[in-house]
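Take a look at the structure below.
Protein chains in written order, with the working numbering: chain A, 8 to 293; chain B, 158 to 393.
Below you can see the structure in the form of structure tokens.
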């Protein structure tokens, strides 16, 4: 009887000691599809591949930091540009994973397709250990993207009206060259100068390549930058019209939208004018 | 059953309101905020890029990083009880922050943790409201003319700089505070923190350009203690 009690007691102590370990292991994991990432495995990778820019503490203060034009992400602040979630909320694990796969064009962040998908999932789990926000908050509810309606000329024309009405041109410029009246004054949340996206240069968007990604970019906003969220002010059907128009601003990038637009009388004139004026960077052009 | 819960609910609400607001015979802290030296000269703002706002101002308005009044009065200083008073639940009325004439009204808005914040756009142009929170969550939302108010709240104390990226001259502050004992110095530099029960308090005065100062004060009975703050002005 007594013996049993003691063994029970030991059992209980063992469970009590192990419980917090189990809990932390679960909290720190990342889940991307069928993959589960482990922070301890991600830590090894981080201190091999990432810390040079993102720093020991994950605060973006790595030794390469001072040489970089767009500062490395500060994981302690846990503010992320590319999200499928509303502004001010944490991204999903999948969002972080996608950023690792994609890399960031026009910055020093490369694509990490050289790693295995398991390694990327492990890194996502480790990155989340830098901020306590991951302990107290969940990722925001994903922004719903309805199915893309058929592309029509009306949709592009309506998108054009929205571009003017919502004053996208204040920063992105009337032709989408990133040269609007406010463009030169923009700073990010680190008080570093930042340029609005230049559609005419046709480089990949910061957060993806598809129309679906483009939809999410202006609905979620790019937190930490001047790009706000339009989720409260654009209706879903209007948002797709804007997507279609924005594609036509990428005059050096072939797309169904650009082809259709160039096929119309109105569009052909506009695109021809956009193609000839100025340099790809938009300098010297208002 | 339902009656009973309603009764208890009402009792709770009553009890809460007596606790928060009905502190009869409480003391107070009042005083004046001033500056010494020469404050930076405020620069006129060129709003010509935004004609709908420019025409609302007969004479160009200036930046508001330091706003002064006669007799060295310093305006827009947040004076609050930083220690000695318990944390309070949020009041039911919302704090309103208005964008009008491409300016923030008020320039410094103080409200409590978890109190509802309402942001209005009275202009004929789009603004984006970008509170650069570090402790709370940073968000950034577009608000074209005629759109509904943006409603939000903050769950931690913080002084949050607010800006509009489209109109780079627009700067303001959200002062998110833990209790209801706060005031913002008026154009004569004066402030008053009423309804303070007897006790020892730390009073902090915070200014967006000059930082903060603290003073300890002890209140006995229903007396009104005078606490004055003086900030050293920086000429740049």
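Note that CB positions come from ideal geometry on N, CA and C, so glycine has one too.
Q) Is it a yes or a no for the segment 249-267 of chain B touching the segment 223-241 of chain B, going by three-plus beta-carbon pairs under 8 Å? A) Yes: at least three Cβ pairs fall under 8 Å.
| said: Please identify the residue among A:262, A:81, A:223 and A:132 whose C-alpha is closest to the C-alpha of residue 48 of chain A. | reply: When each option's Cα is compared against that of residue 48 of chain A, the closest is A:132.
Please name the residue, chosen from A:242, A:273, A:230 and A:64, that lies closest to residue 286 of chain B on a Cα-to-Cα basis. For residue 286 of chain B, the nearest C-alpha among the options comes from A:230.
*State the Cα-Cα distance for the pair residue 217 of chain A and residue 129 of chain A, rounded to the nearest angstrom.*
Straight-line measurement puts the Cα of residue 129 of chain A at about 26 Å from the Cα of residue 217 of chain A.
- Taking 9 Å as the CB-CB cut-off, is residue 206 of chain B touching chain A? Yes, residue 206 of chain B lies at the interface with chain A (some Cβ there is under 9 Å from its Cβ).
*Once you ignore the five residues that flank residue 118 of chain A on each side, which residues in its own chain have a CB closer than 7 Å to its CB?*
Listed in chain order, the non-local C-beta contacts of residue 118 of chain A below 7 Å within the same chain comprise 108, 109 and 110, local neighbours out to five positions each way being set aside.
Quick check on DSSP: helix, strand or coil for residue 47 of chain A? Residue 47 of chain A: helix per DSSP, three-state reduction.
- Item | Beta-bridge partners of residue 108 of chain A, as assigned by DSSP | Residue pairing of residue 108 of chain A in beta bridges, as defined by DSSP: absent, with no partner found.
_Interface residues of chain A facing residue 250 of chain B [CB-CB closer than 8 Å]_ = Those do not exist, as residue 250 of chain B stays about 23 Å from chain A at its closest Cβ, beyond 8 Å.
- Item | Burial state of residue 197 of chain B, where buried means 16 or more other Cβ atoms lie within 10 Å | Classification for residue 197 of chain B: exposed.
**Closest Cα partner of residue 73 of chain A within the set A:183, A:199, A:195 and A:255** = Ranked by Cα distance from residue 73 of chain A, the first of A:183, A:199, A:195 and A:255 is A:199.
Worksheet entry | Same chain, Cβ closer than 8 Å to residue 241 of chain A, neighbours up to 5 away in sequence not counted | Exclusion of the five residues before and after residue 241 of chain A leaves 169, 173, 225, 226 and 249 as the residues of its chain whose Cβ lies within less than 8 Å of its Cβ.
*asked:* When you compare the CB of residue 117 of chain A with every CB in chain B, is at least one pair closer than 9 Å?
replied: With 9 Å as the cut-off, residue 117 of chain A does not count as an interface residue toward chain B.
When you compare each of B:301, B:316 and B:304 to residue 292 of chain B by their alpha carbons, which one comes out closest?
-> Distance from the Cα of residue 292 of chain B is smallest, within the candidate group B:301, B:316 and B:304, for B:316.
What does DSSP give as the partner residues of residue 265 of chain B in its beta bridges? The beta-bridge partner set that DSSP reports for residue 265 of chain B consists of B:330.
Interface partners of residue 298 of chain B on chain A, CB under 9 Å | What residue 298 of chain B touches in chain A: 94, 95, 228, 235, 236, 237, 238, 239 and 240.
inquiry  = Please classify residue 220 of chain A as buried or exposed, where buried requires at least 16 neighbouring CB atoms within 10 angstroms.
reply    = Buried, because 16 or more other Cβ atoms sit within 10 Å of the Cβ of residue 220 of chain A.
*asked:* Rounding to the nearest angstrom, what Cα-Cα distance links residue 87 of chain A and residue 137 of chain A in this structure?
replied: Near 13 Å, if we compare the C-alpha coordinates of residue 137 of chain A and residue 87 of chain A.
ask   = I think residue 388 of chain B touches residue 237 of chain B, with their Cβ atoms under 8 Å apart; what is that distance to the nearest whole Å?
value = The Cβ separation is near 16 Å, so there is no contact.
Rounded separation between residue 55 of chain A and residue 246 of chain A - CA only:
Between residue 55 of chain A and residue 246 of chain A, the C-alpha separation is close to 41 Å.
Item checked: Alpha-carbon spacing of residue 267 of chain A relative to residue 160 of chain A, whole angstroms -> If you take the alpha carbons of residue 267 of chain A and residue 160 of chain A, they lie about 7 Å apart.
| What are the residues that DSSP puts in a beta bridge with residue 194 of chain A? | According to DSSP, which records beta bridges pairwise, residue 194 of chain A is partnered with A:200.
*asked:* Which residue wins for smallest C-alpha separation from residue 300 of chain B, given the options B:207, B:215 and B:321?
replied: The option with the nearest alpha carbon to residue 300 of chain B is B:321.
Counting only the same chain and skipping the five closest in sequence on each side, list residues whose C-beta sits under 7 Å from that of residue 356 of chain B. A distance below 7 Å between beta-carbons, with the five flanking residues on each side excluded, links residue 356 of chain B to the following residues of its chain, in chain order: 241 and 376.
Between residue 179 of chain B and chain A, is any beta-carbon pair separated by less than 9 Å? Because residue 179 of chain B carries a pLDDT of 43, less than 50, the predicted location of this residue cannot be relied on, and no value is offered for it.
Original post:
Using 8 Å as the Cβ pair cut-off and three pairs as the minimum, do the segment 321-339 of chain B and the segment 186-197 of chain A touch?
Top reply: Between the segment 321-339 of chain B and the segment 186-197 of chain A there are three or more inter-stretch CB-CB distances shorter than 8 Å, so the stretches are counted as touching.
Next item on the list: Look at the alpha carbon of residue 343 of chain B and the alpha carbon of residue 50 of chain A, and state the distance between them as a whole number of angstroms.
Entry: Within the model, the alpha-carbon separation for residue 343 of chain B versus residue 50 of chain A is close to 53 Å.
- Query: At which residues does the alpha helix (DSSP H) containing residue 218 of chain A begin and terminate?
  - Reply: In the DSSP assignment, residue 218 of chain A falls within the alpha helix (DSSP H) that extends over 218-227.
Original post:
Mind checking residue 123 of chain A: buried by the 16 CB within 10 Å criterion, or exposed?
Top reply: Residue burial is scored here from C-beta neighbours: residue 123 of chain A has fewer than 16 other C-beta atoms within 10 angstroms and is therefore classed as exposed.
Checklist entry - Going by Cα to Cα distance, which pick from B:188, B:283, B:339 and B:336 is closest to residue 208 of chain B? => result Nearest option by C-alpha distance: B:283.
* Asked: Counting only runs that start and end within the segment 213-251 of chain B, where is the beta strand (DSSP E) found for 3 or more residues in a row?
  -> Taking only runs of at least 3 residues, the beta strand (DSSP E) segments lying wholly in the segment 213-251 of chain B are 235-240.
Original post:
Using CA coordinates, which residue listed in A:276, A:41 and A:115 is at the minimum distance from residue 80 of chain A?
Top reply: Per the Cα distances, A:115.
Could you tell me whether the Cβ of residue 274 of chain B comes closer than 9 Å to any Cβ of chain A?
Under the Cβ criterion of 9 Å, residue 274 of chain B is not counted among the residues facing chain A.
- Task: Locate the alpha helix (DSSP H) running through residue 168 of chain A, then write down its first and last residues.
- Result: 160-172 is the extent of the alpha helix (DSSP H) around residue 168 of chain A.
TODO: In angstroms with no decimal places, state the Cα-to-Cα distance between residue 182 of chain A and residue 158 of chain A.
DONE: If you take the alpha carbons of residue 182 of chain A and residue 158 of chain A, they lie about 21 Å apart.
Open item on the list: Whole angstroms are fine: how far does the CA of residue 67 of chain A sit from the CA of residue 154 of chain A?
Closed with: Going by C-alpha positions, residue 154 of chain A is about 37 Å away from residue 67 of chain A.
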